[in-house]
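The next block holds one structure in the form of structure tokens; read it before the comments.
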Amino acid sequence: MIFDYEPIILSIKVAAFAVTTVICSAMPLGCLMARRDFPGKDVIEAFITLPLVLPPSVIGFILLFLFGKNGPIGSILASYFHIQIVFTWWGAVISSAVVSFPLMYQSVKASVNGIDINLVKAARTLGAGEMRIYRTVILPLAWPGLVAGLVMSFARALGEFGATMMIAGNIPGRTQTIPLAIYFAAESGDTEKAACLVVIMILFSFCLIFWVNRWSKKLQGKVDGD
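Take the numbering used here: the final residue in the sequence shown is number 235, and no numbers are missing along the way.
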């Protein structure tokens with residue numbers, strides 16, 4: 010059997026782009042929602058965490074509707090920028106970002122909520138602006154939780170299947186990620202290829218979780234030692 014590495018390379022590429030998008034959006038939003046109360050906050054938070062409970066097929070259908078050729082976003086991208094999202098690896102990036110976003114958001118919010126508010130107030134009293142407080146107080150103190158959220162989001166993006174199948178399809182060499190390759194290999198009877206990819210996914214995910222746990226314990230040990 011000639012092993013095909015393209016699904017592995019594409020999955021890592023898709024997960025990396027998805028997590029980059031998630032970091033840039035979830036971190037500032039999580040910090041904002043953790044420290045601000047306003048009317049409608051509960052509604053917004055329920056909407057943000059919705060992908061955690063919705064079936065992947067529902068998320069995929071919504072994305073297909075939005076980014077399809079006749080969809081509200083897809084039609085604009087096609088007409089003015091000549092960009093197609095459906096059945097491209099960018100569709101896989103978008104679906105992976107959507108399903109992994111709540112994990113990063115929840116991790117950021119929990120980490121920021123765990124910071125002593127008196128430290129933030131002290132920084133404001135000393136004349137620090139909000140951006141400086143964010144860079145010098147909030148980020149360093151919330152860093153362990155942010156790293157954990159980053160790893161979990163990456164693992165979730167790497168394993169996305171249902172929504173990716175609907176918006177990106179299964180095109181070998183273009184949109185076929187590891188979960189899709191496993192499914193279609195098993196369906197076609199190529200159990201050797203499916204089993205090999207399953208082992209790779211399990212080992213990779215296990216190493217990620219194992220590293221986060223060890224890193225968190227090591228960091229906590231340093232804090233307790235101080």
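Built from N, CA and C at the ideal position, the CB exists for glycine as well.
Going along the chain, which residues of its own chain have a beta-carbon closer than 7 Å to the beta-carbon of residue i, five neighbours each way excluded?
i    : result
F74  : G80
N179 : Q185, L189, F193
L150 : I124
W98  : L19, V23, A177, R183, T184
F96  : A177, G178, I180, T184
A119 : G154
Taking the alpha carbon of residue i as the reference point, which residue from the options has its own alpha carbon closest?
i    : options                : result
A177 : S105, I21, A43         : S105
V221 : L155, A132, V23        : L155
A24  : V107, I218, F215, A203 : V107
I53  : R183, Y114, T97, L135  : Y114
P60  : T145, W152, L72        : L72
T58  : M42, T145, R144, L217  : M42
Y14  : A172, W224, I191       : I191
S109 : C33, K227, W224, L212  : C33
D46  : K226, F90, F76, N122   : N122
P37  : I218, W224, L148       : L148
W4   : A204, W224, V208       : The structure shown does not extend to residue 4, since the chain spans only 10 to 235, so no value can be given for it.
Using 8 Å for Cβ pairs, my map puts residue i next to residue j. What's the rounded Cβ distance?
i    : j    : result
E169 : P181 : Their Cβ separation, rounded to whole angstroms, is 18 Å, which puts E169 and P181 out of contact at 8 Å.
V102 : A27  : 5 Å
P16  : L206 : 7 Å
G39  : L112 : Not really, about 11 Å apart at Cβ, beyond 8 Å.
S66  : M175 : 7 Å
Can you list, in chain order, the residues of its chain whose CB lies under 8 Å from that of residue i, leaving out five sequence neighbours each side?
i    : result
T200 : A194
F215 : none
T30  : V102, A106
S316 : The first residue shown for the chain is 10 and the last is 235, placing residue 316 beyond what the model contains.
R133 : I142
Q76  : Before going on, a small fix: residue 76 reads as Phe here, not Gln. Excluding residues within five positions, the ones whose Cβ falls inside 8 Å are I82, G83, L86, I94, V95, G100, I103, I176.
T145 : A132, A137
In the DSSP assignment, find the unbroken alpha helix (DSSP H) run with residue i in it and report its ends.
i    : result
N127 : 126-134
D51  : 50-58
Q115 : 98-122
G80  : Element bounds for G80: n/a, residue is neither H nor E.
L189 : 187-196
V160 : 148-167
R144 : No alpha helix (DSSP H) contains R144, which DSSP labels as neither H nor E.
A35  : 15-44
I94  : First-last for I94: undefined, no H or E at that position.
I176 : 171-176
Is the segment 162-178 in contact with the segment 122-129, if contact means three or more CB pairs nearer than 8 Å?
The segment 162-178 is not in contact with the segment 122-129.
Spell out a yes or no on whether the segment 81-98 and the segment 132-141 are touching, meaning 3 or more CB-CB pairs, one atom from each, closer than 8 Å.
no
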